[in-house]
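Engineer:
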Amino acid sequence: SARAAQDTSRFAFTPIAAQTDNTVHVPEGYSWKVLARWGDPLFSDADGYDITDGGPVDRSDRVFGENTDGMETFDFNGHTLIAINHEYPNRKINLPAAQEGKPANANDVKKFQNIQGVTVMEITETPEGWAVIKDSPFNRRIHHNTPMKIVGPAAGHDLLKTEADPTGTTSLGTMNNCGAGKTPWGTYLTCEENFNGYFGSTDETASYDQKVADGFKRYGVKAESWNGYEGFDPRFDTSKAPNEPHRAGWIVEIDPADPESTPVKHTGLGRLKHENAEVAIAPDGRVVVYMGDDERGEYLYRFVSNGTYQPGGPTEGLLNDGTLYVARFNDDQTGQWLALTPESTGMEPADIAIFTRLAASKVDATTMDRPEWVATSPVAVEAYCCLTNNKNRGVKPNGGGDDTSANPVNPRETNHYGQIVRWRPAGDDHAADGFDWDLYVMAGNPTVHSDAYAGSANVNEGNLFNSPDGMAIDSTGLVWIQTDGDDGNEGDFLGNGNNQMLVGDPVTGEIVRFLTGPSGSEVTGLTWSDDLRTMFVGIQHPGGTWPDGEGLPRSSIIAVKRDDNGILG
Ligand code: FEO
Ligand code: CA
Ligand code: CA
Ligand code: CA
63 SARAAQDTSR FAFTPIAAQT DNTVHVPEGY SWKVLARWGD PLFSDADGYD
113 ITDGGPVDRS DRVFGENTDG METFDFNGHT LIAINHEYPN RKINLPAAQE
163 GKPANANDVK KFQNIQGVTV MEITETPEGW AVIKDSPFNR RIHHNTPMKI
213 VGPAAGHDLL KTEADPTGTT SLGTMNNCGA GKTPWGTYLT CEENFNGYFG
263 STDETASYDQ KVADGFKRYG VKAESWNGYE GFDPRFDTSK APNEPHRAGW
313 IVEIDPADPE STPVKHTGLG RLKHENAEVA IAPDGRVVVY MGDDERGEYL
363 YRFVSNGTYQ PGGPTEGLLN DGTLYVARFN DDQTGQWLAL TPESTGMEPA
413 DIAIFTRLAA SKVDATTMDR PEWVATSPVA VEAYCCLTNN KNRGVKPNGG
463 GDDTSANPVN PRETNHYGQI VRWRPAGDDH AADGFDWDLY VMAGNPTVHS
513 DAYAGSANVN EGNLFNSPDG MAIDSTGLVW IQTDGDDGNE GDFLGNGNNQ
563 MLVGDPVTGE IVRFLTGPSG SEVTGLTWSD DLRTMFVGIQ HPGGTWPDGE
613 GLPRSSIIAV KRDDNGILG
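Using the UniProt record's numbering, the letters of the sequence shown map in sequence onto residues 63 to 631.
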């Protein structure tokens, strides 16, 4: 029984085996159900929206978007709201008629732009399970053309000005929304990750160096986009709008309770390939935001506000007036947050914000194996970051960056399995500049290797996984880990099966498998209902025909419950 299991372990279920089929598995005594799939109408004017040929461009901004990622739930005056990222399109699925999924016209681009961004929607639990409330006044799609405000140290800077926005304080849209975050004042944070790939130059006469400005290089903005936007939307053509890439790569705050509100890009949180935004409040009330920059050989960041948060008090400036820091991990398992200031970097505050990566290179920070989600514990003053993998040890990212050789926190030469680092801030204060760190888990495969590639002692034949990415810590302190890795289930990955969600007890170190995704998918995004009796889990880019069993695969959010409606952490 669940009770007996709890007597010996904090996990109230029997762990499941690795799987390779095209569906979702959860432990005995639990079940799952789809809450929302790409193309599901959020408004009744989109009823009958048909995805078989990728869906009509008309009303493509009235349906649930593609490739769900980070998400958070909000309880607002008795309404359950959920905000969900839609990271990028599955080009061949969304444009099945187009050559290699490349947009052939402005309508194709518009469709891509509409199915990405963020959904806010109201949901409710019915006797048949959780459902979207169609036409709720809270339902909203935010996409690549939604007006945004730009605030903070870079707002109004020349590098953010365009012909369409000579003030440098407004922009259109948010893109490549990866992980998420939630503020204690009830807003949603959505994080712009691989924004670089949306821009390109149509100037046939320009040289590569003319097309790829110096400021683009470290961020990987290239001469050509991967999605062909620049051919049909001049905003993404860097020969016409050379500053537009500076207006992406930010963290955006959205008020889910006010569908008329304008989303806000907070330049104080720096410009990088933002994975997620984990917010913690220091003992003195200062706001701390932990942020990974997901690129091989880039860094882990922290923001600390100058002002303090008081429940119900003003929040203006709390995500902009403050200091950015970058992490250094020392050999002796201590570490420091290094401030990025005019004194430490020789750069102006606006330049530190716009070219955060260049600022970080001026101090003695530690290059990382792709920092993905950061999670803090509600029961202990500690934080965790997934370092997903690194196939380019020693290679300088985008021709810039720093010493990317192995280091104490990223110790393996070829790192195709990943690890999770944990740190405990000095004085139990997330705003303190010192910390102690350890490796919570080194993923590996002890059935194939007996050296460092076997992984840490808490990795065994029963919980094999690779490439930890999404992560959240529940109210009891259990660490939920989601993977985005090699699901080929052979060679070094034999026994890993499909991507999955595991849960770990950080006190004992034990990690067990809770959920497996359908073949081809990544499991990413996790949040709980207010009563903690439902977990919402994101299934991104599934293969096969999941979840419908026929037709095109559809990325979806699922609701996971205990059959006895018990609490899930
Ligand atoms: Fe969008 Fe680094 O994952
Ligand atoms: Ca991710
Ligand atoms: Ca990933
Ligand atoms: Ca992904």
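We put the beta carbon where it would ideally sit given N, CA and C, even for glycine. Computed from a predicted model, the values in this text were never measured in an experiment.
Under the criterion of a Cβ to heavy atom distance below 8 Å, does Thr-130 qualify as lining ligand 3?
Structural biologist: No; taking the cut-off as 8 Å, the Cβ of Thr-130 has no heavy atom of ligand 3 nearer than that.
Engineer: May I ask you to verify whether the stretch 522–534 touches the stretch 542–551, counting CB pairs closer than 8 Å and requiring at least 3?
Structural biologist: Flag = yes, the stretch 522–534 and the stretch 542–551 touch.
Engineer: Does the Cβ of His-318 have 16 or more other Cβ atoms within 10 Å, making it buried, or fewer, making it exposed?
Structural biologist: Looking at the sequence itself, residue 318 is Pro, so the reference to His does not match. Buried, by the Cβ-count rule.
Engineer: By the three-class DSSP mapping on this structure, what secondary structure does Phe-497 have?
Structural biologist: Strand.
Engineer: Can you list, in chain order, every residue whose CB sits closer than 6 Å to a heavy atom of ligand 3?
Structural biologist: Those residues are Glu-434, Thr-450, Asp-531, Asp-546, given in chain order.
Engineer: How would you call Glu-306, buried or exposed, if buried means at least 16 neighbouring beta carbons within 10 angstroms?
Structural biologist: Classification for Glu-306: buried.
Engineer: If you count every other CB in all the chains shown that lies within 10 Å of the CB of Val-194, and 16 or more means buried, which is it?
Structural biologist: Buried, since its Cβ has 16 or more Cβ neighbours within 10 Å.
Engineer: Return the chain-ordered list of same chain residues with a C-beta closer than 6 Å to the C-beta of Ala-493, the five sequence neighbours on each side being excluded.
Structural biologist: The answer, listed in chain order, is Ala-344, Arg-348, Val-350, Val-366.
Engineer: On the premise that Trp-435 lies in contact with Glu-337, defined as a C-beta separation below 8 Å, what is that separation, rounded to the nearest angstrom?
Structural biologist: Sure, about 6 Å apart at Cβ, within 8 Å.
Engineer: Enumerate in chain order the residues of its own chain whose CB-to-CB distance from Trp-608 is below 6 Å, with the five nearest sequence positions on each side excluded.
Structural biologist: So the qualifying residues of the chain are Asn-84, Pro-580, Pro-615.
Engineer: List the residues that DSSP assigns as beta-bridge partners of His-328.
Structural biologist: Note: His-328 sits in a beta bridge opposite Val-213, Ile-313.
Engineer: Pull up the CB-CB distance for Leu-251 and Phe-598, whole angstroms please, since I reckon it's below 8 Å.
Structural biologist: Going by Cβ atoms, the distance from Leu-251 to Phe-598 rounds to 17 Å, so no, they are not a contact pair.
Engineer: Would you identify the three-state DSSP class for Thr-232, choosing helix, strand or coil?
Structural biologist: Three-state result, Thr-232: strand.
Engineer: So which of Gln-544, Asn-522, Ser-537 has the shortest CA-CA distance to Leu-556?
Structural biologist: Cα-wise, what sits closest to Leu-556 is Asn-522.
Engineer: Does DSSP classify Asp-355 as helix, strand or coil?
Structural biologist: Of the three classes helix, strand and coil, the one that applies to Asp-355 here is strand, per DSSP.
Engineer: Mind checking who Ser-406 pairs with in its DSSP beta bridge?
Structural biologist: DSSP lists no partner for Ser-406.
Engineer: Going by C-alpha distance, which of Gly-262, Ser-617, His-308, Arg-595 is nearest Gly-628?
Structural biologist: Cα-wise, what sits closest to Gly-628 is Arg-595.
Engineer: Are the stretch 466–477 and the stretch 569–577 touching, with three or more C-beta to C-beta distances below 8 Å?
Structural biologist: Because the criterion of three Cβ pairs below 8 Å is not met, the stretch 466–477 and the stretch 569–577 do not touch.
Engineer: Could you tell me which residues DSSP pairs with His-148 in its beta bridges?
Structural biologist: Answer by DSSP bridge pairing, in chain order: Thr-130, Gly-179.
Engineer: Ligand 1 heavy atoms versus the CB of Glu-432: any closer than 8 Å?
Structural biologist: At residue 432 the sequence reads Arg, which differs from the Glu that was named. Result yes, Cβ under 8 Å from ligand 1.
Engineer: Can you give the Cα-Cα distance for Leu-380 and Lys-211, rounded to whole angstroms?
Structural biologist: One C-alpha to the other measures close to 16 Å.
Engineer: Tell whether a beta-carbon distance below 9 Å holds between Pro-433 and Gly-354.
Structural biologist: Yes; because the gap between Cβ atoms is below 9 Å, this pair is in contact.
Engineer: Can you round the beta-carbon distance between Gly-600 and Gly-587 to whole angstroms, since I take them to be within the 8 Å contact cut?
Structural biologist: With 8 Å as the limit, Gly-600 and Gly-587 qualify as a contact, their Cβ atoms being about 3 Å apart.
Engineer: Hey, out of Phe-261, Pro-246, Thr-324, Ile-155, whose CA is closest to Asn-238's CA?
Structural biologist: The candidate whose alpha carbon is nearest that of Asn-238 is Phe-261.
Engineer: What does DSSP give as the partner residue(s) for Met-237 in the beta ladder?
Structural biologist: Note: Met-237 sits in no beta bridge, so no partner.
Engineer: Please return the same chain residues whose Cβ sits closer than 8 Å to the Cβ of Thr-229, not counting the five positions on each side in sequence.
Structural biologist: The answer, listed in chain order, is Gly-218, Lys-223.
Engineer: Compare the C-alpha of Gly-277 against each of Asn-258, Asp-265, Gln-161 and name the closest.
Structural biologist: Among Asn-258, Asp-265, Gln-161, the Cα nearest to that of Gly-277 belongs to Asn-258.
Engineer: Taking the DSSP output, what are the residues bridged to Gly-243?
Structural biologist: DSSP output for Gly-243 lists Leu-251 as bridge partner(s).
Engineer: For Thr-103, I'd like the list of residues in its chain whose CB is within less than 7 Å of its CB, leaving aside the five on either flank, ordered along the chain.
Structural biologist: Sequence check: residue 103 is Pro here, not Thr. Asp-109, Tyr-111, Arg-124, Val-125, Lys-196.
Engineer: Tell me which residues share the same chain as Tyr-406 and place their Cβ nearer than 6 Å to its Cβ, disregarding the 5 neighbours each side in the sequence.
Structural biologist: Contrary to the premise, residue 406 reads as Ser rather than Tyr in this sequence. Within the same chain, Ser-406 has close Cβ partners Val-425.
Engineer: Give the straight-line distance between the Cα atoms of Ser-518 and Val-503, rounded to the nearest whole angstrom.
Structural biologist: About 6 Å.
Engineer: Under a three-way DSSP split, which group does Tyr-92 fall into?
Structural biologist: Three-state result, Tyr-92: strand.
Engineer: If you drop the 5 nearest sequence neighbours on each side, which residues of the same chain put their C-beta closer than 6 Å to that of Lys-273?
Structural biologist: Answer for Lys-273: Ser-263, Ala-285, listed in chain order.
Engineer: With distances taken Cα to Cα, identify the nearest neighbour of residue 43 among Ser-323, Asp-413, Thr-428.
Structural biologist: Beyond the ends of the chain as shown, which are 63 and 631, falls residue 43; an answer cannot be given.
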